[in-house]
Each structure stands twice: as structure tokens, then as C-alpha cells.
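*Asks:* Every letter in the sequence shown is one number past the one before it in full-length UniProt numbering, and letter 136, counting from 1, is 136.
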Amino acid sequence: MSMSHVAAAVVATWRKLDSARARARFVLFFLVLVVQNLGLENVWLGVRLLVQYYIVLPWSGLLHKGVSYAAEIVSDDICSDEEEDAKDSDAARPHDRQVLDIYLPHREPCRCDRRKVVVFVHGGAWGSGNTWQYALLGRFFALQHDILALVVTYRIFPDGSVVDQICDVRAALIWARKNVATFGGDPDSIYVFAHSAGAHLVSMALLGDLGKVFPAKMASLLELNLKAVVLAAGVYDIEHHYQYEAWRGVSEISTMKPAMGGPGNFDLLSPTHLARVLTRDALSNVLLPSQRSFAEPLQLHGDTIASVLVGAHEHLDSEQRRPCHDENSSRSFPPLYLMTSGADSTVPFHASVAFYHSSARVGLPVRLLLYDGVAHADFVTDYMENCPERDHRCHFYAPVAKQHLELSKGHEKKHQEGQINRTCADLRHMHPKHVEDLLYILS
Numbered sequence: 001m002s003m004s005h006v007a008a009a010v011v012a013t014w015r016k017l018d019s020a021r022a023r024a025r026f027v028l029f030f031l032v033l034v035v036q037n038l039g040l041e042n043v044w045l046g047v048r049l050l051v052q053y054y055i056v057l058p059w060s061g062l063l064h065k066g067v068s069y070a071a072e073i074v075s076d077d078i079c080s081d082e083e084e085d086a087k088d089s090d091a092a093r094p095h096d097r098q099v100l101d102i103y104l105p106h107r108e109p110c111r112c113d114r115r116k117v118v119v120f121v122h123g124g125a126w127g128s129g130n131t132w133q134y135a136l137l138g139r140f141f142a143l144q145h146d147i148l149a150l151v152v153t154y155r156i157f158p159d160g161s162v163v164d165q166i167c168d169v170r171a172a173l174i175w176a177r178k179n180v181a182t183f184g185g186d187p188d189s190i191y192v193f194a195h196s197a198g199a200h201l202v203s204m205a206l207l208g209d210l211g212k213v214f215p216a217k218m219a220s221l222l223e224l225n226l227k228a229v230v231l232a233a234g235v236y237d238i239e240h241h242y243q244y245e246a247w248r249g250v251s252e253i254s255t256m257k258p259a260m261g262g263p264g265n266f267d268l269l270s271p272t273h274l275a276r277v278l279t280r281d282a283l284s285n286v287l288l289p290s291q292r293s294f295a296e297p298l299q300l301h302g303d304t305i306a307s308v309l310v311g312a313h314e315h316l317d318s319e320q321r322r323p324c325h326d327e328n329s330s331r332s333f334p335p336l337y338l339m340t341s342g343a344d345s346t347v348p349f350h351a352s353v354a355f356y357h358s359s360a361r362v363g364l365p366v367r368l369l370l371y372d373g374v375a376h377a378d379f380v381t382d383y384m385e386n387c388p389e390r391d392h393r394c395h396f397y398a399p400v401a402k403q404h405l406e407l408s409k410g411h412e413k414k415h416q417e418g419q420i421n422r423t424c425a426d427l428r429h430m431h432p433k434h435v436e437d438l439l440y441i442l443s
């Protein structure tokens, strides 16, 4: 049952209630149902996000909400075919979701010292998600690490197809390149961080430029000189993911198939497929960073497990397969970091592994980072301080320590109990490994 069906059922039930007492009971029942299904901690997290986004951050001057990037979308853009015949209609006007939020490290931008910029593109199965949900993520980068953070949203299905969403993401990144200096950001130090469906959109935009999928008049992301692109838990092969969703029993209620325009577009909108058909000639006029400059083996936490799957030096060997390219080219392909987890049951890790192999085959600068114990949403919520269960090391450490404690006795047991509590407290103040890796990449 989809969320629209649930909402319709709730409204229909509400209308049937003819007394204030019955409606009060229904509200109480509904709240209990929400808490049971989401957990009290997630309801509290939602309240914190709303308070931060609508009260605390705007009042402090650290948040610019709803900045439109729609001006960067030109008439020759790849927005859906229906818009081609409606350029002068409402469909061609700026949409209220073609916006981004800007999180400032300080009240006033510092123009003497340009800061690094992180552009975050959210997920949501191409049919949900909004900027307020990532208020604590933006706050994390801006206030804790002095990084200018941009949180981007886009037209979600049914307001926009996946092609429209790619168009929006491209426009947002072009806007960032042109305008971040106004807010104290360095246009030459822009990093992209994308999650789930957002990772799919960003990778499609990059590979679409290489494969000349998009119109020639459209501005190319390869001309933006992006420093690095980090894609977390992304969907890269739509056909395979559709089969996985069918196995889970959610393929027909998911927004993926209709947002893609049906199964006939699955290959065209799959980054893994685009990488497979990419020729070396397509890279001949694109500057590629040296693999050895960003892919030293076992330097990041995510390399430990990934090296078992792909080999500790395989990503270095792909440099030998690269074509000769023009050193004077103005187009450059940024380093790609693919983050995934063996504990992700929403988007399995083999999606990133297959995309890695397809990209490395033609010599693209790609690196696979594989983690354990990180669920799909954790790749985002772990950036939100004080988020429940945000440190997975403590989550795994505590049960083992408790079993060991049961074998202890007397004074020794009391001493070890104190030590375990201190260790758990220390772990909660440490960033999870994938967060540490991203911060290392940004450094």
C-alpha cells in the first residue's frame, strides 16, 4: 500500500467520525501507530529537523532557504519531451522545487578566505524528499567543519521525470559554480555528495556528458572543475534494481518505474550501462586525475573490505588502460568515490561493485569504499549529531562487552562495567567510519 492510499484511508476514517471524543481517540491511536512503526527516536528526530530548519538556523542567519537555480535551465535543456511543445506555457516556468538551501559557517561570508563547498543531492526513490529533512546535515558541515553546504532538491515524480531531475541537478551544480563566491565559497573547491537516488542522478549527469547523451548546447558538468564526487548507496543499474524490488515485492508501488518512463528507458538511464558502452575515444578530450593521486590502497576505512572484492591494487591498474588525452582540455572528469555497505538491504552493495567495474574498465577515476553495519539511511543520518544509533561501532561493541561482563564477578565486574561505559561514551562522540572517510576526502 502506497502513502497516497494510507492518506486517503486516514481522511476517509476522519470524516466518518462525528464526535470530538471519537476524533480525539483516533488521533491518539494514530500517534501511537506512528511511534510503534517509526520509533519514538525518529519522531523526535523529525521534530528537531523542523525546529532547526524553520526556527534556529534562519534566526541565526546561518541558513538561506529556497534559493532558486531555475535560471540555469535553458530552453535547450533535456527537460522532458512534453516541455518541448510547451516552452511558453506553465511547464517552462520555474518550479518551486528547483531550489537549494545554503548553510553558512558564519553569519557574514568571509571574502578573504574562500571555503570549501559541499553540494548535497538527496535521495527518496525519485518521488520524495525535501531540503528541510537535511537541516542537521547542512549544519554539520557548516558549523562543525567550516564548509559552505548547499542542499539541493529537484522536481520529484510525478511533477518531473528522472530526465527532468537530471536536468535540475545539472542546473544546481552550474548555479553553485557561478554563485558560491558570493557566500564565501571557493568555486574551484566544490565537492558533490549524493545519496541513493541522488547518487543516480549525479552519476547520470556526469556519464551523460561523456557519452554525449545530452544536447550539445547544454552546459557540461565536465567544465565545472569539480574536486570530487562522493556517491553513497546509489542505484546504478535500473533493470537489476527493478528485479531486486520485484523480489522484495515493492516494484509496483515504487516510484522508480514510472519516474523512469517505463522499462524501455531502464538501460538509457542506467550509469552502469552508460559506462559499459563508453569508448576510450570519449575520454580523449577529457582531463582525468591521476589514479595514484587519490586512490592509495587502504588509506580510507572503506578500502579494507573493498580491497577483498576488487583487489588492493586493481584501481591503480586501470590507469594503464586510459587513452591519451589532451592536456590543454578545459573539460575534466572528477574522482568518483562509491560508498556502499553490506548491511544495506534497500540498495545492495553489488550495485556499486558493478558500476565500479564498468567505470574502471574504461579508465575512469573511480574508487570503491565498502563498509559493514551501515544501513541505507545511515549514510545520511550519521551526519546528524545526537541521532539515535549513529555510531555503529558502539552498536556492535555493547552486546559483546555485556556478555563478557556477565562472566566477571565482584570488584572486577564493577571495574570492567565502568570501563565499558566509558568506551561506549567515547565511541558515541566519534564519527562513524564512512563519515570520517568523507571528511578525509574533503581535507
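Glycine included, every Cβ here is placed at the ideal spot set by N, Cα and C.
1) Which same chain residues, not among the five before or five after VAL118, have their C-beta less than 6 Å away from its C-beta?
2) Buried or exposed, going by whether 16 or more other CB atoms sit within 10 Å of the CB of LEU206?
3) Go ahead and label SER89 buried or exposed: buried means 16 or more other beta carbons lie within 10 angstroms of its beta carbon, across all protein chains shown.
4) What residue does the beta strand (DSSP E) around THR272 start on, and which one ends it?
5) Leaving aside the five residues before and after VAL366 along the sequence, list all residues of the same chain whose C-beta is less than 6 Å from its C-beta, in chain order.
6) Which two residues bound the contiguous beta strand (DSSP E) that contains ALA232?
7) Closest by CA to HIS376, which one among LEU210, LYS257, GLY198, THR272?
8) In terms of residue numbering, what span does the alpha helix (DSSP H) encompassing ALA197 cover?
9) So is ILE73 buried or exposed if we call it buried at 16+ other beta carbons inside 10 Å?
10) Beta-carbon separation of VAL374 and SER352 under 9 Å?
11) Can you give me the Cβ contacts of PRO105 inside the same chain, cut-off strictly under 6 Å, excluding the 5 residues immediately before and after it?
12) Whose CA, out of ASP437, VAL230, LEU136, HIS350, lies closest to the CA of TYR54?
13) Near residue 446, what residues of its chain come up, given a Cβ to Cβ distance below 7 Å and the 5 sequence neighbours on each side ignored?
14) Under a Cβ-count criterion, where at least 16 other Cβ atoms within 10 Å of its own Cβ denotes burial, should LEU50 be classed as buried or exposed?
15) When the distance is taken between beta carbons, is ILE174 closer than 9 Å to GLN165?
16) Find the nearest neighbour of GLY129 within the set HIS95, THR153, ARG114, judged by alpha-carbon distance.
17) On the three-state DSSP scale, how would you describe ALA351?
18) Please say whether LYS227 and SER203 have beta carbons closer to each other than 9 Å?
19) Assign GLY302 to one of two classes, buried (16 or more other C-beta atoms within 10 Å of its C-beta) or exposed (fewer than that).
20) Determine whether the beta carbon atoms of LYS433 and TYR383 lie at a separation below 9 Å.
21) Got a sec? Which residues, its chain only, sit under 7 Å from PHE379 by beta carbon, not counting five neighbours each side?
22) So, for ARG322: in the same chain, excluding its five sequence neighbours on each side, which residues have a beta-carbon less than 6 Å away from its beta-carbon?
23) Are the beta-carbon atoms belonging to LEU283 and PHE349 less than 9 Å from one another?
24) If you draw a straight line from the C-alpha of LEU210 to the C-alpha of ALA275, how long is it?
25) Alpha carbon to alpha carbon, how far is SER270 from VAL162? Give it in angstroms, no decimals.
26) I believe ASP267 touches GLU245 by the beta-carbon criterion, under 8 Å. Please report the beta-carbon distance rounded to the nearest angstrom.
27) Expressed to the nearest angstrom, what Euclidean distance is found between the alpha-carbon atoms of ILE78 and LEU17?
28) So what does THR340 bridge to, in DSSP terms?
29) Just to confirm my understanding: we take ASP96, look at its own chain, exclude 5 residues before and 5 after, and list those with CB closer than 7 Å. What are they?
30) Going by C-alpha distance, which of GLY208, ALA171, PHE26 is nearest SER68?
31) Buried or exposed: ASP237, going by 16 or more other Cβ atoms within 10 Å of its Cβ?
32) Can you check the stretch 126-162 for any beta strand (DSSP E) of at least 3 residues that lies completely inside it and give the ranges in chain order?
33) Does the Cβ-Cβ distance between LEU438 and VAL180 come in under 9 Å?
*Replies:* Let me lay it out:
1) Taking the sequence shown and counting its residues from 1, one reaches residue 118 at position 118. For VAL118, where only same-chain residues beyond five positions count, the Cβ hits under 6 Å are PHE141, ILE147, ALA149, TYR191, PHE193.
2) Looking up residue 206 in the sequence shown gives position 206. With 16 or more other Cβ atoms within 10 Å, it is buried.
3) Here the question's residue 89 lines up with position 89 in the sequence shown. Low local confidence applies: a pLDDT of 46 at SER89 is under 50, so the model's placement there is unreliable, and no value is given.
4) The residue labelled residue 272 in the question sits at position 272 within the sequence shown. That residue, THR272, is in no beta strand (DSSP E); its alpha helix (DSSP H) goes 271-277.
5) For this step, residue 366 is matched to residue 366 along the sequence shown. Cβ neighbours of VAL366 beyond the five flanking positions: LEU336, TYR356, SER359, ALA360.
6) Position 232 of the sequence shown, counted from the first residue, corresponds to residue 232. Start and end: 228-232.
7) Sequence index remark: in the sequence shown, residue 376 carries index 376 (1-based). The residue with the shortest Cα to Cα distance from HIS376 is GLY198.
8) For the purposes of this step, residue 197 is taken as residue 197 along the sequence shown, with counting starting at 1. Note, ALA197: alpha helix (DSSP H), 197-210.
9) As a first step, residue 73 is located in the sequence shown; it is residue number 73 there, counting from the start. So ILE73 counts as buried.
10) Sequence index remark: in the sequence shown, residue 374 carries index 374 (1-based). Sequence index remark: in the sequence shown, residue 352 carries index 352 (1-based). Result no, Cβ atoms of VAL374 and SER352 do not sit closer than 9 Å.
11) For the purposes of this step, residue 105 is taken as residue 105 along the sequence shown, with counting starting at 1. Counting only Cβ-Cβ distances below 6 Å, and skipping sequence neighbours, we find ALA142, ASP146.
12) What you label residue 54 is simply residue 54 of the sequence shown in a count that begins at 1. TYR54 has its Cα closest to that of LEU136, out of ASP437, VAL230, LEU136, HIS350.
13) Only positions 1 to 443 of the chain appear in this structure, which leaves residue 446 out of reach.
14) One-based indexing of the sequence shown puts residue 50 at position 50. It counts as exposed.
15) Position 165 of the sequence shown, counting from 1, holds the residue named residue 165. Position 174 of the sequence shown, counting from 1, holds the residue named residue 174. No; because the gap between Cβ atoms is not below 9 Å, this pair is not in contact.
16) Position 129 of the sequence shown, counting from 1, holds the residue named residue 129. Nearest option by C-alpha distance: THR153.
17) Here the question's residue 351 lines up with position 351 in the sequence shown. If DSSP states are grouped into helix, strand and coil, ALA351 belongs with the helices.
18) For the purposes of this step, residue 203 is taken as the residue at position 203 of the sequence shown. For the purposes of this step, residue 227 is taken as the residue at position 227 of the sequence shown. Contact: no.
19) Counting from 1 along the sequence shown, the entry for residue 302 is found at position 302. Counting Cβ neighbours within 10 Å, GLY302 comes out buried, since at least 16 surround it.
20) Locating residue 433 in the sequence shown gives position 433, where the first residue counts as 1. Locating residue 383 in the sequence shown gives position 383, where the first residue counts as 1. No. Outside cutoff.
21) Against the sequence shown, residue 379 aligns to sequence position 379. Closer than 7 Å at the Cβ level, and outside the excluded window around PHE379, lie HIS195, ALA232, ALA233, MET339, HIS434.
22) Within the sequence shown, residue 322 is the residue found at index 322, counting from 1. At ARG322, the pLDDT of 47 sits below 50, so the modelled position is not reliable; the number obtained from the coordinates is stated separately. Within the same chain, ARG322 has close Cβ partners GLY363.
23) As a first step, residue 283 is located in the sequence shown; it is residue number 283 there, counting from the start. As a first step, residue 349 is located in the sequence shown; it is residue number 349 there, counting from the start. No.
24) For the purposes of this step, residue 210 is taken as residue 210 along the sequence shown, with counting starting at 1. For the purposes of this step, residue 275 is taken as residue 275 along the sequence shown, with counting starting at 1. Their backbone Cα atoms lie some 9 Å apart in a straight line.
25) If you number the sequence shown from 1, residue 162 lands on position 162. If you number the sequence shown from 1, residue 270 lands on position 270. Straight-line Cα distance between these residues: approximately 11 Å.
26) Your numbering for residue 267 matches position 267 in the sequence shown. Your numbering for residue 245 matches position 245 in the sequence shown. With a Cβ gap of about 17 Å, ASP267 and GLU245 do not count as contacting.
27) One-based indexing of the sequence shown puts residue 78 at position 78. One-based indexing of the sequence shown puts residue 17 at position 17. Any reading at ILE78 needs caution, since the residue's pLDDT is 47, under 50, leaving its predicted position unreliable; the model's value is listed next. When rounded, the distance between both Cα atoms is 48 Å.
28) Against the sequence shown, residue 340 aligns to sequence position 340. THR340 is bridged to LEU370.
29) As a first step, residue 96 must be located in the sequence shown, where it is residue number 96. Cβ within range, chain order: n/a, list empty.
30) For the purposes of this step, residue 68 is taken as the residue at position 68 of the sequence shown. Among GLY208, ALA171, PHE26, the Cα nearest to that of SER68 belongs to ALA171.
31) On the sequence shown, position 237 is the one that residue 237 refers to. It is buried - the Cβ of ASP237 has at least 16 other Cβ atoms within 10 Å.
32) 148-152
33) Position 438 of the sequence shown holds residue 438. Position 180 of the sequence shown holds residue 180. Taking 9 Å as the Cβ cut-off, LEU438 and VAL180 do not qualify as a contacting pair.
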